[in-house]
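Asker: Attaching a single structure in structure tokens format; questions to follow.
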Amino acid sequence: MKRLLPRALLAPAVITLFLWMIVPLVMTIYFSLIRYNLMQPDVEGFAGLENFEFFVTDPSFITAVANTFILLGSVVAISVVFGVGLALLIDSPFPGRAVVRVLLISPFFVMPTVNALLWKHMMLSPIYGVFAQIWRLFGAEPIDWMTDYPLFSVILMVAWQWLPFATLIFVTSLQSMNREQLEAARMDGAGYLQELRYLYLPHLARPIAVVIMIETIFLLSVFAEIFTTTGGGPGDASTNLAFLIFKQALLNFDAGVASAGALFAVIIANIAAVFLIRIVGKSLD
Amino acid sequence: MPRRPSKVSARFVIRTAVAWLVTLVLFFPLAWLVLNAFKTEQQAISIPPLFVFTPTFDNFIEVQRRSNYLLFAENSLITSVASTLLGLAIAAPAAYSMAFFRTKGTRGLLMWMLSTKMMPAVGALVPIYVLAQKAVLLDTRFALIVVFTLSNLPIMVWMLYSYFKDIPREILEAAHMDGATLWQEFYRVLLPIGMSGISSTSLLCLVLAWNEAFWSLNLTSAKAGTLAALIASYSSPEGLFWAKLSAASLLAIGPIVVFGWFSQRQLVQGLTFGAVK
């Protein structure tokens with residue numbers, strides 16, 4: 150009884166999570182090796198590595214991989230650099246700090262589809278959009294962001310969502326900083342740059358690593374923002390790996406090729422995951 | 006009475022001003038959305054932009070009339086609440102077991118659960134879609150509830166575990182000595198003490214499920230669609246009606262953004278799996 154009970158309590162969680170992990174994975178691997186079209190049930194049979202070959206030699210593939218990493222790299226860079234800056238800016242008290250904190254964090258709680266349309270229509274639209282109005286105010290020709298710079302537009306909306314997340318993590322982390330050490334450094338006449346270099350940044354190293362990895366996992370599969378605004382276009386200009394897999398699966402109905410692509414996405418995500426798990430593991434003890 | 010520093014340093018003033026300026030710029034899109042929700046369509050696209058106007062509530066009525074907003078709201082509410090409750094029912098016993106009957110395997114188990122959260126959703130798209138299709142569960146709330154529960158489960162177990170493990174064992178042992186049954190131990194002792202942890206966890210999972218867009222867009226359409234999916238349908242041509250788009254969006258994000266303000270700390274803890282405190 151004493152030993153059975155803990156296991157019985159654990160069982161539902163372990164079993165459901167195990168199924169959630171293993172069933173899709175096994176099915177994906179299986180689908181990736183057969184001919185499987187959702188609309189043509191009569192096409193079947195073992196495909197070997199054909200699906201992988203098709204997915205990789207598709208001209209969209211290189212573009213999608215490049216876009217995935219450009220999107221990921223830009224958003225991570227923006228949110229870490231500006232996140233650290235903002236966190237340092239609001240770390241010590243000033244009038245209205247509580248309000249600033251609440252306002253700053255808000256975009257993170259906006260659902261991706263609202264975020265996407267808010268930016269596509271009200272901010273970036275070339276005629277009535279806020280950006281266009283600002284451009285005109287300075288006598289410049291308004292830019293059709295979604296058509297001419299689709300990937301940049303997606304980066305902008307995703308960064309707007311994830312910068313608050315990074316800022317929140319850094320602000321939280323700064324609160325646990327050793328204040329005495331900071332006082333001592335000030336007594337010794339350390340300048341702000343020295344404080345930054347020797348106290349703040351070393352303290353923030355770990356949260357920065359955590360933010361980079363968590364964002365990597367989420368941003369590798371940015372989907373709703375692209376789906377609702379550009380639809381991956383024009384052409385493949387704003388198609389990332391997640392959207393390409395979706396296109397193969399639910400627009401071309403080629404489950405086999407989509408599964409082959411999905412395995413790529415899983416492998417890339419796992420590389421980031423290994424590092425994250427190592428860091429989290431250290432904090433567990 | 007403490008004397009205020011007679012000279013407010015220039016650095017302090019500049020820092021305050023910059024902080025407020027950056028904040029207002031970043032918050033502007035949301036503020037703009039809120040303002041537009043109360044304008045007429047002509048006012049929403051006026052050049053130059055209109056900041057002062059007589060608010061109208063017509064957009065909200067129109068949104069309901071044209072797209073049956075309440076059905077989608079109901080779907081969002083039911084799927085996020087149900088998945089949170091179901092998740093709690095599965096996660097709480099597991100977290101309890103790991104926190105109070107720690108074994109050599111506990112750490113490994115926690116790490117493994119965390120690793121399941123790192124699978125990109127798109128990696129499971131085809132199998133989940135095919136399974137839902139075969140089981141005739143496409144466009145049902147049930148399918149969404151199951152998927153939301155499973156994808157939030159690792160976060161729930163992890164958060165509840167970190168709250169439970171801080172509860173002193175002695176309390177439970179004392180209850181046990183006094184002859185409390187397991188149910189009484191759970192209901193009378195653990196639940197009241199762990200309530201703050203349980204509600205924080207629920208709050209975060211509600212927010213995550215409410216905002217979930219990947220599965221809602223791919224598994225549902227007209228019947229079980231959530232608000233995230235409804236808003237996506239405004240992409241065009243309805244997107245050209247800014248006031249209505251804003252009103253629909255405001256209704257969809259309003260409650261959850263306010264929830265979010267209260268769940269900041271849980272968010273940090275839950276999404277970083279306790280790696281940042």
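Respectively, the protein sequence lines represent chains A and B.
The opening residue of the first sequence carries number 150 in our numbering; numbering runs sequentially from there.
The opening residue of the second sequence carries number 6 in our numbering; numbering runs sequentially from there.
Glycine included, C-beta positions come from ideal geometry on N, C-alpha and C.
Below 7 Å on C-beta distance, what does B:Arg-20 contact in chain A?
Answerer: On the second sequence, residue 20 of chain B is found 15 positions in, with the first residue counted as 1. Within 7 Å Cβ-Cβ: Leu-238, Phe-243.
Asker: Thinking C-beta only, is A:Leu-266 closer than 8 Å to A:Met-362?
Answerer: Along the first sequence, read from residue 1 onward, the residue named residue 362 of chain A stands at position 213. Along the first sequence, read from residue 1 onward, the residue named residue 266 of chain A stands at position 117. Between A:Met-362 and A:Leu-266, the gap from beta carbon to beta carbon reaches 8 Å or more.
Asker: My understanding is that A:Gln-310 touches A:Pro-256, with C-beta atoms under 8 Å, so please give their C-beta distance in whole angstroms.
Answerer: Within the first sequence, the letter at position 161 stands for residue 310 of chain A. Within the first sequence, the letter at position 107 stands for residue 256 of chain A. With a Cβ gap of about 5 Å, A:Gln-310 and A:Pro-256 count as contacting.
Asker: Excluding the five sequence neighbours on either side, which residues of its own chain have a C-beta within less than 6 Å of the C-beta of B:Arg-8, listed in chain order?
Answerer: By one-based count along the second sequence, residue 8 of chain B stands at place 3. Residue placement at B:Arg-8 is poorly supported in this model, since its pLDDT is 49, which falls under 50; the coordinates still yield a value, given next. Same-chain partners within the cutoff: there are none.
Asker: Applying a beta-carbon distance threshold of less than 7 Å, which residues of chain B neighbour A:Gly-430?
Answerer: Here residue 430 of chain A is taken as the residue at index 281 of the first sequence, counted from 1. Per Cβ cutoff of 7 Å: Met-116.
Asker: Evaluate the contact criterion for the region 144 to 153 of chain B versus the region 73 to 87 of chain B: three or more CB pairs, one atom per stretch, below 8 Å.
Answerer: yes
Asker: Mind the definition here: the region 156 to 174 of chain B touches the region 98 to 110 of chain B only if three or more C-beta pairs lie below 8 Å; say whether that holds.
Answerer: Three or more beta-carbon pairs separated by less than 8 Å link the region 156 to 174 of chain B to the region 98 to 110 of chain B, which places the two stretches in contact.
Asker: Which partner residues does A:Asn-186 have in the DSSP bridge list?
Answerer: Sequence index remark: in the first sequence, residue 186 of chain A carries index 37 (1-based). According to DSSP, which records beta bridges pairwise, A:Asn-186 is partnered with A:Gln-189, A:Asp-403.
Asker: Mapping DSSP to helix, strand and coil, what is A:Phe-195?
Answerer: Residue mapping note: residue 195 of chain A aligns to position 46 of the first sequence, counting from 1. Here A:Phe-195 sits in strand by DSSP.
Asker: With a cut-off of 8 Å, does the C-beta of B:Pro-41 fall near any C-beta of chain A?
Answerer: Along the second sequence, read from residue 1 onward, the residue named residue 41 of chain B stands at position 36. Here residue 41 of chain B is Asn; the residue named in the question, Pro, does not match the sequence. Yes, contact with chain A.
Asker: Kindly provide the ranges of any beta strand (DSSP E) runs that are 3 or more residues long and lie completely inside the region 75 to 133 of chain B, ordered along the chain.
Answerer: none
Asker: Going by the CB atoms, is the gap between A:Phe-392 and A:Phe-372 shorter than 8 Å?
Answerer: Position 223 of the first sequence, counted from the first residue, corresponds to residue 372 of chain A. Position 243 of the first sequence, counted from the first residue, corresponds to residue 392 of chain A. In this structure, A:Phe-392 lies closer than 8 Å to A:Phe-372 by Cβ.
Asker: Going straight from the alpha carbon of B:Val-194 to that of B:Ile-176, what length do you get?
Answerer: Locating residue 194 of chain B in the second sequence gives position 189, counting from the first residue. Locating residue 176 of chain B in the second sequence gives position 171, counting from the first residue. In this model, B:Val-194 and B:Ile-176 are separated by some 8 Å (Cα to Cα).
Asker: Quick one: grab the DSSP three-state call for B:Lys-170.
Answerer: In the second sequence, residue 170 of chain B corresponds to position 165, counting from 1. Here B:Lys-170 sits in coil by DSSP.
Asker: To be precise: take each residue of the region 304 to 334 of chain A, compare its Cβ to all Cβ atoms of chain B, and keep it if any distance is under 8 Å. Which residues remain?
Answerer: Trp-309, Leu-312, Pro-313, Phe-314, Leu-317, Ile-318, Thr-321, Ser-322, Ser-325
Asker: Got a sec: is the Cβ-Cβ distance from A:Pro-155 to anything in chain B below 8 Å?
Answerer: On the first sequence, position 6 is the one that residue 155 of chain A refers to. Output row for A:Pro-155: interface = yes.
Asker: Determine the chain A residues that contact B:Thr-121 at a beta-carbon separation under 9 Å, and present them in chain order.
Answerer: Here residue 121 of chain B refers to the residue found at position 116 when the second sequence is read from its first residue. Under the 9 Å cutoff, chain A gives Leu-166, Phe-167, Trp-169, Met-170.
Asker: What is the C-beta distance between A:Pro-383 and A:Pro-299, in whole angstroms, given that I count them as a contact (C-beta under 8 Å)?
Answerer: The count along the first sequence starts at 1 and reaches residue 383 of chain A at position 234. The count along the first sequence starts at 1 and reaches residue 299 of chain A at position 150. With a Cβ gap of about 7 Å, A:Pro-383 and A:Pro-299 count as contacting.
Asker: At a CB-CB cut-off below 9 Å, which residues of chain A make contact with B:Asn-73?
Answerer: Here the question's residue 73 of chain B lines up with position 68 in the second sequence. Correct list: empty, because the minimum Cβ distance to chain A is about 17 Å.
Asker: So A:Ser-302 contacts chain B; which residues on that side make the cut at Cβ distance below 7 Å?
Answerer: Start at 1 with the first residue of the first sequence, and residue 302 of chain A comes out as number 153. What A:Ser-302 touches in chain B: nothing, since even the nearest Cβ is about 13 Å away.
Asker: Cα-Cα, which of B:Trp-188, B:Arg-71, B:Trp-37, B:Ser-240 is closest to B:Val-57?
Answerer: The residue given as residue 57 of chain B occupies position 52 in the second sequence. Nearest of B:Trp-188, B:Arg-71, B:Trp-37, B:Ser-240 to B:Val-57, Cα basis: B:Trp-37.
Asker: Might you give, ordered along the chain, the residues of its own chain that have their beta carbon closer than 7 Å to the beta carbon of B:Pro-294, omitting 5 neighbours on each side?
Answerer: This structure does not reach residue 294 of chain B, given that chain B is present from 6 up to 282, and the question cannot be answered.
Asker: Output yes if chain B places a C-beta closer than 8 Å to the C-beta of A:Val-263; else output no.
Answerer: Counting from 1 along the first sequence, the entry for residue 263 of chain A is found at position 114. By this cut-off, A:Val-263 is an interface position.
Asker: Using the beta-carbon count (16 or more within 10 Å), is B:Leu-115 buried or exposed?
Answerer: Reading the second sequence from its first residue, position 110 is the one you call residue 115 of chain B. So B:Leu-115 counts as buried.
Asker: Can you give me the Cβ contacts of B:Trp-25 inside the same chain, cut-off strictly under 8 Å, excluding the 5 residues immediately before and after it?
Answerer: Numbered from 1 along the second sequence, position 20 holds the residue referred to as residue 25 of chain B. For B:Trp-25, where only same-chain residues beyond five positions count, there are no Cβ hits under 8 Å.
Asker: Less than 8 Å separating the beta-carbons of B:Gly-279 and B:Val-212?
Answerer: Sequence index remark: in the second sequence, residue 279 of chain B carries index 274 (1-based). Sequence index remark: in the second sequence, residue 212 of chain B carries index 207 (1-based). No, these two residues do not count as a Cβ contact at 8 Å.
Asker: How about A:Ala-226 and A:Leu-390: are their beta carbons less than 8 Å apart?
Answerer: In the first sequence, counting from the first residue as 1, residue 226 of chain A sits at position 77. In the first sequence, counting from the first residue as 1, residue 390 of chain A sits at position 241. Not a contact, by the Cβ cut-off of 8 Å.
Asker: Classify A:Ala-437 as buried or exposed, calling it buried when 16 or more other Cβ atoms lie within 10 Å of its own Cβ.
Answerer: The structure shown does not extend to residue 437 of chain A, since chain A is modelled only from 150 through 434, so no value can be given for it.
Asker: How is B:Gly-202 classed by DSSP in three states: helix, strand or coil?
Answerer: Within the second sequence, numbered from 1, the residue matching residue 202 of chain B stands at position 197. Correct three-state label for B:Gly-202: helix.
Asker: Count the other CB atoms within 10 Å of the CB of B:Trp-188; is the residue buried (16 or more) or exposed (fewer)?
Answerer: For this step, residue 188 of chain B is matched to residue 183 along the second sequence. It counts as exposed.
Asker: If you reduce the DSSP assignment to three classes, tell me which class B:Met-161 lands in.
Answerer: To locate residue 161 of chain B, count along the second sequence from 1; it is residue 156. B:Met-161 falls in the helix class under three-state DSSP.
Asker: Taking three-plus beta-carbon pairs below 8 Å as touching, is the region 19 to 34 of chain B in contact with the region 237 to 246 of chain A?
Answerer: yes
Asker: If A:Asn-186 and A:Val-192 are in contact, beta carbons under 8 Å, what's the gap, nearest whole angstrom?
Answerer: Looking up residue 186 of chain A in the first sequence gives position 37. Looking up residue 192 of chain A in the first sequence gives position 43. With a Cβ gap of about 5 Å, A:Asn-186 and A:Val-192 count as contacting.
Asker: Kindly indicate which three-state DSSP category A:Leu-317 falls into: helix, strand or coil?
Answerer: Residue numbering aside, residue 317 of chain A sits at position 168 when the first sequence is read from its first letter. In this structure, A:Leu-317 counts as helix in the three-state DSSP scheme.
Asker: If I'm right that B:Gln-269 touches A:Ile-254 with Cβ under 8 Å, what's the distance once you round it to whole angstroms?
Answerer: Against the second sequence, residue 269 of chain B aligns to sequence position 264. Against the first sequence, residue 254 of chain A aligns to sequence position 105. Contact flag correct, Cβ pair sits at about 6 Å.
Asker: Measuring only between beta-carbons, confirm whether A:Ala-213 sits less than 8 Å from chain B.
Answerer: By 1-based counting over the first sequence, the position of residue 213 of chain A is 64. No, no contact with chain B.
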